[in-house]
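Novice: Numbering (this note's numbering), first residue to last: 3 to 275.
Every residue gets a Cβ at the ideal spot worked out from N, C-alpha and C, and that includes glycine.
On a predicted model such as this, the values are computed, not experimentally measured, just so you know.
Input: one structure, supplied below.
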Amino acid sequence: MTAQTQLSVRTPRWNYEKLENRFWFRGNPHLSHLIHALSFLFPPGEETFVRSVQRFRGAISEPCLSADIDAFIAQESLHGAQHRRLNLWLSQRIPEAEQYCEAIAASIRADFKRVDQRFPKLNLAITVAFEHMTAIAATALLERPEIVDSIEEPLRSLLIWHAIEEIEHRSVAFDVYQTVSGSYPLRMLAMVFACIMLVSQTLRYQMKLLARDGQLGNWRSLREALHLTCGPNGYFRALLKPFLSYGRASFHPSQACQSVSIEAWQRRMQELD
Ligand SMILES: [Fe+2]
Ligand SMILES: [Fe+2]
Numbered sequence: 003m004t005a006q007t008q009l010s011v012r013t014p015r016w017n018y019e020k021l022e023n024r025f026w027f028r029g030n031p032h033l034s035h036l037i038h039a040l041s042f043l044f045p046p047g048e049e050t051f052v053r054s055v056q057r058f059r060g061a062i063s064e065p066c067l068s069a070d071i072d073a074f075i076a077q078e079s080l081h082g083a084q085h086r087r088l089n090l091w092l093s094q095r096i097p098e099a100e101q102y103c104e105a106i107a108a109s110i111r112a113d114f115k116r117v118d119q120r121f122p123k124l125n126l127a128i129t130v131a132f133e134h135m136t137a138i139a140a141t142a143l144l145e146r147p148e149i150v151d152s153i154e155e156p157l158r159s160l161l162i163w164h165a166i167e168e169i170e171h172r173s174v175a176f177d178v179y180q181t182v183s184g185s186y187p188l189r190m191l192a193m194v195f196a197c198i199m200l201v202s203q204t205l206r207y208q209m210k211l212l213a214r215d216g217q218l219g220n221w222r223s224l225r226e227a228l229h230l231t232c233g234p235n236g237y238f239r240a241l242l243k244p245f246l247s248y249g250r251a252s253f254h255p256s257q258a259c260q261s262v263s264i265e266a267w268q269r270r271m272q273e274l275d
């Protein structure tokens, strides 16, 4: 009997051309360009996540995990494709965006290839680290419907969809890693690399986009973005505790992200269609 996965692969059809305002996140340039910078990272990043897991596909004999790997690959490939479409939409408005995407993709692919030749388990551990960060970031977003509601369509649907699937498949790369390595020091080291890469690249391209749009000195936008992310009920503050839980030797991703109802958000997404 073939094992079934609990993960659902959804195929969205959104028309980004309907989106006129490139500051679609509360009309705020800092917040919108933060997500654009992340969107530049997603296609090559998710491509490396898939490749790092595929590298160890042959070592997995557990039928349920094998089925989950197939669904994980399908979900991440679709995420990359949708973010590529969003990046194309942005490139039609900011021509430099295309060049930024190409530079990021070349750098991520070169890093992956270098590590893959000698330390493929490190690449897998880096994927595990990113999967934890995307799952807790997705949870913190869906825990704040007021933030979700302030995002214009179809970007709201895109972010809900991506968040749902990141939460759904949060354990897959980790379970593969535990099967083929399970090393705690390597998992911690990989988290350090992943954080440095994520923060440096995201800030770098967010600043480039803001400078290109003449918005670097927009203090109102910066104040609102800081309040929403680092203020008393700030988005980044909510990430701290689940982020630190990764340091426990007994950590498993299934213990995190329990506060969000995937079914409820799926219904909400169907209403938005
Ligand atoms: Fe993804
Ligand atoms: Fe993911």
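Using a Cβ-based criterion (distance less than 7 Å to any ligand heavy atom), does E170 qualify as near ligand 2?
Specialist: no
Novice: For T136, verify whether its CB is less than 7 Å away from any heavy atom of ligand 1.
Specialist: yes
Novice: Label D275 either buried or exposed according to how many other C-beta atoms from any shown protein chain fall within 10 Å of its C-beta, with 16 as the threshold for buried.
Specialist: exposed
Novice: Can you grab the Cα-Cα spacing for the pair L230 / N30, in whole Å?
Specialist: 11 Å
Novice: What number of angstroms, rounded off, separates the C-alpha of A61 from the C-alpha of N235?
Specialist: In this structure, the alpha-carbon of A61 lies about 44 Å from that of N235.
Novice: What do you get for S109, buried or exposed, if any count of 16 or more other CB atoms within 10 angstroms of its CB means buried?
Specialist: exposed
Novice: For I96, which of helix, strand or coil comes out of DSSP?
Specialist: In this structure, I96 counts as coil in the three-state DSSP scheme.
Novice: Measuring CB atoms only, is the region 146 to 161 touching the region 201 to 219, in the sense that at least three cross pairs come out at less than 8 Å?
Specialist: no
Novice: Which residues does DSSP pair with I153 in a beta bridge?
Specialist: F27
Novice: Can you tell me which of the three DSSP states R146 falls into?
Specialist: coil
Novice: Less than 8 Å separating the beta-carbons of F27 and I153?
Specialist: Their beta carbons are under 8 Å apart, which means F27 touches I153 by this criterion.
Novice: Any idea if R172 is buried or exposed, counting beta-carbon neighbours within 10 angstroms, 16 or more meaning buried?
Specialist: buried
Novice: When DSSP labels each residue in this structure, what does I62 get in the three-state scheme?
Specialist: coil
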